[in-house]
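Trainee: The sequence shown runs 7 to 205 under my numbering.
Note that CB positions come from ideal geometry on N, CA and C, so glycine has one too.
This structure is a prediction, so every number in the text was calculated from the model and none was measured.
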Amino acid sequence: MFSAIYPACPTFAPASFPPHFRPCPPRCTAAPRPRGGGPAGGCASPAPTIPRRSDRLNTLLLRNTVRSGQRKESGVDIPEKLRDVLKKDGVVAIATVGEDGPHMVNTWNSYVRLTDDGRMLIPAGFMHRTEANIRFNPDVLITCGSSKVQGKIGPGTGFLIKGSAEFRESGADFDRMKATFGWMRAVVIVTIESATQTL
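1. To which residues of the same chain is Asn139 closer than 7 Å at the C-beta, ignoring the five residues directly before and after it?
2. Let me check understanding here. Comparing Cα to Cα, which of Ile100, Thr121, Asp106 and Arg119 lies closest to Asn112?
3. Opposite Asp90 in the DSSP bridges: which residues?
4. If you count every other CB in all the chains shown that lies within 10 Å of the CB of Thr202, and 16 or more means buried, which is it?
5. Can you look up Met190 in the DSSP assignment and give me helix, strand or coil?
6. How many angstroms separate the CA atom of Val118 from the CA atom of Asp106?
7. Which value, in whole angstroms, describes the spacing of the CA atoms of Lys184 and Thr197?
8. Answer yes or no: do Ile159 and Asp179 have a C-beta to C-beta separation smaller than 7 Å?
9. Give every residue of the same chain whose Cβ lies closer than 6 Å to the Cβ of Glu175, excluding the five residues on either side of it in the sequence, and list them in chain order.
10. Between which two residues does the beta strand (DSSP E) containing Met3 stretch?
11. Tell me which residues share the same chain as Leu92 and place their Cβ nearer than 7 Å to its Cβ, disregarding the 5 neighbours each side in the sequence.
12. Between Phe173 and Glu137, how many whole angstroms is the CB-CB distance? I'm expecting something under 8 Å.
13. I need the DSSP call for Phe132, collapsed to helix, strand or coil.
14. Any idea which residues DSSP pairs Gly164 with across the strands?
15. According to DSSP, simplified to helix, strand and coil, what is Ile198?
16. Mind checking Gly177: buried by the 16 CB within 10 Å criterion, or exposed?
17. Please report the distance separating the alpha-carbon of Ala189 from that of Gly96.
18. Measure from the alpha carbon of Asp181 to the alpha carbon of each residue in His134, Ile128, Phe165 and Leu147, then state which is nearest.
19. Should Gly157 and Thr163 be called a contact, given that it needs their Cβ atoms to be closer than 7 Å?
20. Quick check on Asn139: does DSSP put it in helix, strand or coil?
21. Report the residue from Ile167, Ala171 and Ser152 whose alpha carbon sits nearest the alpha carbon of Ala130.
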């Protein structure tokens with residue numbers, strides 16, 4: 007019966023389905039909607055375009071962030087336990103987001119230096135994608151941890167650090183880090199806005 011009303015439509019079902027299980031919807035024959043946008047005919051408006059998952063994720067990650075070129079002021083007291091963590095073996099994860107979506111890169115606790123004015127210095131050997139993302143959006147999320155430092159409920163603790171970052175290839179901070187890490191091409195300078203103990 008369906009096949010008598012609507013022809014078979016491969017767009018809405020696989021070709022392996024019998025024709026009567028894959029009917030095409032009827033075409034709209036109503037008059038086109040007028041140029042001003044008022045009602046005309048009986049056709050419904052086209053369905054809105056659903057954003058891709060990556061677009062929705064980027065929008066979420068970029069919400070309430072500071073755009074490139076705007077810097078956030080420091081003023082956060084760095085917890086002493088965070089300093090203890092960075093003195094122990096462990097992995098640091100640096101998350102950024104750019105035009106192509108989120109990205110994460112790793113480095114070592116022992117590579118990170120903390121300054122007295124609330125900044126984090128990280129040597130960069132490669133990190134080209136991270137640098138491009140930071141030019142697009144300077145906001146970063148950083149995690150670090152160590153099983154050797156006492157946490158809230160037992161051995162081991164970690165931190166979630168929020169801040170804004172920039173790459174520099176010269177200056178006092180660059181020279182300080184280059185003296186220890188001769189292989190680095192740039193220094194990542196992170197202005198810490200919050201450092202939350204997670205464990």
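Mentor: In brief:
1. Hits under 7 Å: Thr102, Val103, Gly104 and His109.
2. The closest CA to that of Asn112, considering only Ile100, Thr121, Asp106 and Arg119, is found on Ile100.
3. For Asp90, which the question treats as bridged, DSSP gives no partner whatsoever.
4. For Thr202, the number of other beta carbons within 10 angstroms of its own is below 16, and it is reported as exposed.
5. It is coil, neither helix nor strand.
6. Val118 and Asp106 have their C-alpha atoms roughly 27 Å apart.
7. Between Lys184 and Thr197, the C-alpha separation is close to 19 Å.
8. For the pair Ile159 and Asp179, the CB atoms are not nearer than the 7 Å cut-off.
9. Within the same chain, Glu175 has close Cβ partners Ala192.
10. Because the chain spans 7 through 205 in this model, residue 3 falls outside it and cannot be assessed.
11. The beta carbon of Leu92 lies closer than 7 Å to those of Asn115, Val118, Leu120 and Cys150 in the same chain, with the five residues before and after it left out.
12. So it is a contact: roughly 5 Å between Cβ atoms.
13. Of the three classes helix, strand and coil, the one that applies to Phe132 here is coil, per DSSP.
14. The secondary-structure analysis by DSSP pairs Gly164 across a beta bridge with Gly151.
15. Strand, per DSSP.
16. Counting Cβ neighbours within 10 Å, Gly177 comes out exposed, since fewer than 16 surround it.
17. Sequence inspection shows Trp at residue 189; the Ala mentioned does not correspond to that position. Between Trp189 and Gly96, the C-alpha separation is close to 20 Å.
18. Of His134, Ile128, Phe165 and Leu147, the smallest CA-CA separation from Asp181 is found for Ile128.
19. Against a cut-off of 7 Å, the Cβ pair of Thr163 and Gly157 comes out as a contact.
20. Three-state result, Asn139: helix.
21. By alpha-carbon distance to Ala130, the top candidate from Ile167, Ala171 and Ser152 is Ala171.
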